[in-house]
Every structure is written in C-alpha cells, then in structure tokens.
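Every position in the sequence shown, counted from 1, becomes a number in this note's numbering once 17 is added.
Ideal Cβ placement from N, Cα and C applies to all residues, glycine included.
Quick caveat, the model's predicted, so the values are computed rather than measured.
One structure is given below, encoded as structure tokens.
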Amino acid sequence: MDNLKELESTAEEVLGKLRSHRLFQSTWDTAAFIIFLLFLGTVLLLLLLACLHCCCCYRSSRSQKVNPMGVNNLALEP
18 MDNLKELEST
28 AEEVLGKLRS
38 HRLFQSTWDT
48 AAFIIFLLFL
58 GTVLLLLLLA
68 CLHCCCCYRS
78 SRSQKVNPMG
88 VNNLALEP
C-alpha cells in the first residue's frame, strides 16, 4: 500500500511538471539531459556502424576466400 502511495505521488509530480511546461528545474538539469541524449545517440550510432561492418565485411570477406589472389608458395608444401 505504501508503494502505491509513493507511485501516485511520483506520478502527480511528473504530471504537474508536464502541466506547467517546465520539465527541468535549472539549466543544470537541461545540460544533463542533453549530455544523456548525446551519449545515447553515440551508443546507437556505434551499434549501427557495428551492424553495418558485420553485414558488409562478412560478404566481402567471403568473396575473397572464393577467389584468392597472390602466388602460392610451394616451398611451404610438405
């Protein structure tokens, strides 16, 4: 029952901030939110680049194995 009252008070606080159109108390809150968004955007960009790297380089590395280039060194053969 105590958790329900705590949740209700938190919801009222959030709704009050939304009604007042003042989500952040100070400029520090705004700066922290912007830094958090930049961090989140950077992580998502790195995940996207990692996925692209895996998809694109896997296909190109497979094709290189099919058509090897260079000279076979017969001295290494037993």
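Nearest-angstrom beta carbon gap, residue j and residue i [assumed within contact, 8 Å]
i	j	result
F56	F50	So it is not a contact: roughly 11 Å between Cβ atoms.
Local conformation of residue i per DSSP, three classes
i	result
S43	coil
G87	coil
E94	coil
H70	helix
Any C-beta of chain B under 8 Å from that of residue i
i	result
G87	Here there is only one protein chain, and chain B is not present.
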